[in-house]
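Encoded as structure tokens, the structure appears first; notes follow it.
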Amino acid sequence: MTSNDENSRRGYLARSIILTIGGGALGCSILTALSCDFIGVENVVVTENAFSDAPYLKTVGLFSFNSAANESCEHYRTRLLHSNFNEWFTIGQIASLAAPALGLIGWILVLSELLISQCRFNGSFVLQNVLFIAAFTFQCCTFLLLGQTQFCFYDKMFHCTWEIGSILSIIAASMFYLCSILLCCLSRPKHFPNDHDDRECEDDKV
């Protein structure tokens, strides 16, 4: 087995690892957006119009909530860009949609390296890294929902508890960031089966 074959095997293994971690990040990111348990605010009175039907909240999510009166998730009745929430909460909602979208594009580009046996275009590594970093940044921005201060800071003290949604968001952000680091550190797969055709794939090495 030649050194090129060995490097190619390592490259494919590296991309498989990144795909696995990236897939986990996407799953956690999507579950974050779907969760109604991002933060716990039990027995906090909220008078916003968005919660006119549930003045006593139990948990708050990015797109749904759980009131103390029942144990089921309910969606907010307001529209995304025309809601009664402040701009910080709205940015958090938008970020929760942008993070998995950008992460999915980066994941697909990494997958293409395993499925398409030809040279990557110049800068593909940079584009993948930028997408995962952007996904990491937007995932962190989901915590801007805390800017809706009556949830947790109604008397200038923090009264919320971290629920499963916030934990999943932290995990997703960490995994997106780990993908970007691995893209920098691990080798890339060889594009052509011909060992002698190295000049056409000089971007094969990171």
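All residue numbers for the sequence shown refer to numbering that gives the first Met the number 0, where the first residue is 0 and numbers rise by one.
Note that the Cβ used here is the ideal one computed from N, Cα and C, for glycine as well.
Taking C-beta atoms as the reference points, S28 and A98 count as a pair closer than 7 angstroms.
Secondary structure at G39: strand, using DSSP grouped into helix, strand and coil. The three-state reading of DSSP puts N65 in strand, counting E and B together.
When C-beta atoms of the stretch 65-78 are compared with those of the stretch 176-185, fewer than three pairs fall below 8 angstroms, so the two segments do not count as touching. With contacts defined as CB atoms closer than 7 angstroms, L144 and F88 qualify as a contacting pair.
In the structure shown, the three-state DSSP call for T89 is helix. Counting only the Cα atoms, Q92 lies some 18 angstroms from V40. With respect to A133, L167 sits apart: the two C-beta atoms are not nearer than 7 angstroms. Measuring C-alpha to C-alpha distances from L30 to each of L114, S111 and E162 identifies E162 as the nearest.
If you draw a 10 Å sphere on the C-beta of C184, you find fewer than 16 other C-beta atoms in it, and that means exposed.
H74 is bridged by DSSP to S63. Apart from sequence neighbours up to five positions away, the residues of its chain that approach S95 with a beta-carbon distance below 7 angstroms are T31, A32, L61 and T141, ordered along the chain.
Contact between V109 and R14 holds: their C-beta atoms lie close to 6 angstroms from each other, under 8 angstroms.
For C151, there is no enclosing alpha helix (DSSP H), as DSSP gives it neither H nor E.
With contacts defined as CB atoms closer than 7 angstroms, V59 and F152 fail to qualify as a contacting pair. Restricting attention to L56, F84 and A171, the CA atom closest to the CA of E73 is found in L56.
Your pair I104 and L130 checks out as a contact, with CB atoms roughly 5 angstroms apart and the cut at 8 angstroms. The residue from D36, R76 and F124 with its alpha-carbon nearest to that of S186 is F124. Ranked by how close their Cα comes to the Cα of L126, the residues A24, W106 and I90 have W106 in first place. Taking the C-beta atoms as reference points, F64 is found no nearer than 7 angstroms to Q147.
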